[in-house]
Amino acid sequence: MTSPLDQKIRISGPVVVTANRVGDGAVVYRSAGARWSTDLADAAVTSDAAAARDLLKGAIEDDLSAVGAYIAPVKRSEAGRLQPGNLRELIRWRGPTIALPVTPVEQSFVLQG
Amino acid sequence: MYVYDAFDRTLVAERVAEFRDQVARRLSGELTEEEFKPLRLMNGVYLQLHAYMLRIAIPYGTLSSQQLRMLAHIARRYDRGYGHFTTRTNIQYHWIKLEELPAAMADLASVGMHGMQTSGNNVRNITTDQWAGVAPDEIEDPRVWAEVIRQHVTLHPEFSFMPRKFKICVGTSSHDRAALRIHDLALRMHRNDAGELGFEVMVGGGLGRTPYLAKTIKPFLHKRDLLSYVEAVLRTYNQFGRRDNIWKARIKILVHDLGPEAFAKEVEAEWTGIKDGPLALDQAVVDEIAARFIYPDYPQLDDNPPELAEKRRGDRRFAAWLDNSVTNHKLPGYAIVTLSLKPEGGTPGDCTAEQMDAIADLADRYSCGEIRVGHEQNMVLPHVAQRDLPTVWRVLDEIGVAQGNVGLVSDIISCPGLDYCSLANARSIPIAQEITRRFHNIDLQRDLGRLHINISGCINACGHHHVGHIGILGVEKNGEEFYQITLGGKADEGAKLGTLIGPAVPYAQVADVVEDIAAAYLELRERPDELFIDTVNRLGVEPFKERVYATR
Amino acid sequence: MRLVENGRIVEDRYVRLDDDAPIPDRVPIIVSAKRFLAEAATLVRRDGSVGVLWPNDKRVAELEPWLGHLALIALVFPKFKDGRAYSQARLLRETHGYRGMLRATGDILRDQFHFLVRAGFDSFEVKKDADARVFAEVLARYSIYYQDGADGRAPALRRRLSANPVPKARETV
């Protein structure tokens, strides 16, 4: 498997770096100040390939906090809020698109086909 | 029901302690993720979209009620109240925290369960028929042989870092309910002309990017030689399987590239040197393992007792469930009951902690404390007295696992797909859910008859779509979910790969397509009892293709 | 990297010789497979132990004519996930009866120790100092195996048989 850093980084819009937290596997986003946040709103966003690469490099080196870092597309809502940029990121952000057999507090997010 | 002894328990306990240490070294940073990943994979711990996923082995699909209760406890205490039974008869938990894993694994170890070798490049869970030990058409219990092999390949010093995973299946019945030919190594018990019992050895099956059915490399292997021959196959694979390309690393590629004859020769050369060594199976060793399979003391009972006959006459719903979900046991007076984990609108193979506890209780009272899990993602109570069927049905109905749809169009086999899995390209579960809604009418389902739909969310084919009567494969095109449809696959002794019928269709149309295919079948079948798969085999996919793509 | 033998960190007596380096007197040497095969006849006659570094994609059967003369065979794990050398080790020990020293080199971590020992290795170039230091401790953790191993411990199957008389196989109903 090639490391994300070895792959050519091509971006065509705003991106963030995302990964999973080591302790519990929760989805996290790389924020400014070399930290991780579970809140997408905190994510460092860039549309520049070199900046994305730097962000990714720092994220990968921070192996103790989060694993599997990669670059993911985002978009902005009309109100300027950051939103996931594709279906996979949407699912990571909001959870499965189906009702879980035992649904606790969180809403199940049903996607229109 | 295999009874673990002190040796088995010690082995599991020592490995749990080892994994606890590895987790601690990971959390402290002493191990990097690159170093930790193969280690966690050897214990069935994956990283998925939302969380870690823990896969627990259910050897040859057999569970005690005590073990099933522990699985319920794990779901409640460490996960979100449910588990998922897979197409390899394991269970998966999708919301596990790494920090809590050592505790969860210690709990599982207390009932002899673990995640060893449920992932990683080693020999995975050895599967067999979910009716093993009670099926009328079996020669002998395949689970004894599965256990002989399981012990041998567990933490085997030579075969823990192979080119890729290795899946073994054992079958001893004339009808293949375990999908032998899609395995890396399949062992089919039969009698030779001299009347001796032995195994046909088939190698190189596997689905995924390059699907193959296993080829026979040895028509007859004596029981005594089972372990040495398996060793020779694994050693040949470990040395010569490709390691340069993850998509070419399974043994099916090696068998294909060398050709089955050349591959068989390589194995035979290796085997000749070791067959009379320590791996030659003593009868004593086999007897010892066989003796620890505890069978119930079945009270002698008559077939079709009055309680059953009366209930069948008086209750249409019960009668329909009986016809669909209950099959003959090898003993008169007993029955094998299949529990459907495919409710309308549900996720195929999911089971809540409450359901697991209720099924465990039922198993204690009516199935000698034993439950089975099949690759079709349903459960089985293997030892039910026919006279208890009315009571058992009532409780199963309350639990929600008496749909009466076993083997029917809504009994869908599906991988978790993009809702959970980081390998997926597309979602599979909502596709399954919508299909079950379209075929809500149980009378329509019965009219359609046996119809296996298999759905995979990516080319890795964990939903076994290649061998579905209808196979559905999720792909991604320009950021959208599309689905390729195949027809005519079979997983049993007539194993066949399905045929693609045309261009992939978008997410919103898949259920429509399945309805069109079903409607076409109803028009094209020769008689009402010609099975869907037989109609497809008779006519080919053309008429179905025309119907599906007429307006698309 | 630390060399571990007999459960302890030790100094390496062996010198790794480049293909074009002159052969020293009496010093134990390890040469490449290429050099060994080209110069085997001379090398095995020298005064001093000879070892060979054998790649993991070459059949060990090629060494058969010289096994009695090789004091050491070093096998390679380029990445620890690449387990071909386990098969090579077992073939050398069990099929070819090799009695000399079998060294594991390459990407060796503590989590492979027990697999390596049981495959027949008795010399270990361990990647991390911390792992080398706990070699003996790590091995002591495992008391039960299902299989026969080169470490001589009886596998569980046989230990059971000696511990309990075998119950009569029950008739399946």
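Protein sequence lines, in the order shown, are assigned to chains X, L and C. The numbers in the first sequence follow the working numbering, run straight up by one, and end at 114. The numbers in the second sequence follow the working numbering, run straight up by one, and end at 584. The numbers in the third sequence follow the working numbering, run straight up by one, and end at 154. The beta carbon of each residue, even a glycine, is placed where N, CA and C say it ideally should be.
Item	Value
Mind checking who Gln418/L pairs with in its DSSP beta bridge?	The partner list for Gln418/L (beta bridge, DSSP) is empty, contrary to what the question assumes.
Answer with buried or exposed for Pro105/X, where buried requires no fewer than 16 other C-beta atoms within 10 angstroms of its C-beta.	Here the model assigns Pro105/X a pLDDT of 45, short of 50, so the residue's position is not dependable and the matter cannot be decided.
How many whole angstroms separate the CB atoms of Leu219/L and Val233/L, which I take to be in contact at a CB cut-off of 8 angstroms?	6 angstroms
At 3 residues or longer, what runs of the beta strand (DSSP E) sit wholly inside the stretch 96 to 142 of chain L?	114 to 117 and 123 to 128
Could you check whether Gly489/L and Ala456/L sit closer than 8 angstroms to each other, using their CB atoms as the reference points?	yes
Any C-beta of chain C sitting closer than 8 angstroms to the C-beta of Pro380/L?	no
Using DSSP's beta-bridge definition, name the partner residues of Asp220/L.	It should be noted that the sequence gives Arg, not Asp, for residue 220/L. Per DSSP, Gly203/L and Glu232/L.
Going along the chain, which residues of its own chain have a beta-carbon closer than 8 angstroms to the beta-carbon of Ala53/X, five neighbours each way excluded?	Ile10, Ile12, Val16, Val18, Thr47 and Ile72
When we look at the beta-carbon of Ile278/L and count the other beta-carbons within 10 Å, is it buried (16 or more) or exposed?	exposed
Can you tell me whether Arg(-11)/C is helix, strand or coil according to DSSP?	strand
In angstroms with no decimal places, state the Cα-to-Cα distance between Leu73/C and Val98/C.	14 angstroms
On a Cα-Cα basis, can you pick out the residue from Asp(-7)/C, Pro36/C and Arg26/C that is closest to Ala14/C?	Pro36/C
Step through the CB atoms of chain C and report whether any lies within less than 8 angstroms of the CB of Phe39/L.	yes
If Thr159/L sits next to Tyr92/L, beta carbons under 8 angstroms apart, how far is it from one beta carbon to the other, in whole angstroms?	6 angstroms
Check Leu57/X in the structure and name its three-state DSSP category.	helix
Could you check how far apart the C-beta atoms of Asn486/L and His472/L are, in whole angstroms? I think they sit under 8 angstroms.	With a Cβ gap of about 20 angstroms, Asn486/L and His472/L do not count as contacting.
May I ask you to report which of helix, strand or coil DSSP gives Glu152/C?	Note that Glu152/C scores 27 on pLDDT, short of 50, meaning its location in the model is unreliable and no value can be drawn from it.
So, is the C-beta of Pro97/X closer than 8 angstroms to a C-beta in chain L?	yes
Could you tell me if Met194/L is buried or exposed, where buried requires 16 or more neighbouring beta carbons within 10 angstroms of its beta carbon?	buried
Our contact map puts Val44/L next to His146/L with C-beta atoms below 8 angstroms; I'd like the distance itself, whole angstroms only.	5 angstroms
Got a sec: which bits of the stretch 141 to 170 of chain L sit with their beta carbon under 8 angstroms from any beta carbon on chain C, in order along the chain?	Asn153 and Gly165
Please report whether the beta-carbon of Thr468/L lies at a distance below 8 angstroms from any beta-carbon of chain C.	no
What residues of chain L sit near Asp110/C, judged by a beta carbon separation below 9 angstroms?	Simply none; closest approach about 12 angstroms.
Can you list, in chain order, the residues of its chain whose CB lies under 7 angstroms from that of Pro146/C, leaving out five sequence neighbours each side?	With a pLDDT of 44 at Pro146/C, under the threshold of 50, the predicted position of this residue should be treated as unreliable, though the coordinate-derived value follows. Excluding sequence neighbours, Pro146/C sits near nothing in its chain.
Please report how far the alpha carbon of Val166/L lies from the alpha carbon of Ile368/L, in whole angstroms.	8 angstroms
Please report the distance separating the alpha-carbon of Asp420/L from that of Trp353/L.	14 angstroms
Under 8 angstroms, do Leu81/L and Tyr452/L count as touching if we go by C-beta distance?	yes
Kindly indicate which residue of Val265/L, Ala543/L, Tyr330/L and Glu386/L has the alpha-carbon position closest to the one of Leu103/L.	Glu386/L
If you run the structure through DSSP and keep just helix, strand and coil, what is Pro74/X?	strand
Where does Ser372/L sit, in a helix, a strand or coil, going by DSSP?	coil
Quick check on Asp450/L: does DSSP put it in helix, strand or coil?	Note that residue 450/L is Leu in the sequence shown, not Asp. Here Leu450/L sits in helix by DSSP.
Return no unless some Cβ of chain C is closer than 8 angstroms to the Cβ of Gly449/L.	no
Excluding five sequence neighbours on each side, which residues of the same chain lie with their C-beta closer than 7 angstroms to the C-beta of Gly237/L?	Arg213, Ile214, His215, Asp216, Ala218, Tyr244, Leu245, Ala246 and Lys284
Here's the rule I'm using: 16 or more other beta-carbon atoms within 10 Å means buried, otherwise exposed. How should Arg151/C be labelled?	Residue placement at Arg151/C is flagged as unreliable, the pLDDT there being 32, under the threshold of 50; a coordinate-derived value is accordingly withheld.
Using CA atoms only, rank isn't needed, just tell me which of Glu106/C, Ser124/C and Lys39/C is closest to Glu(-8)/C.	Glu106/C
Between Met462/L and chain X, is any beta-carbon pair separated by less than 8 angstroms?	Note that residue 462/L is Pro in the sequence shown here, rather than Met. At least one chain X Cβ lies under 8 angstroms of Pro462/L.
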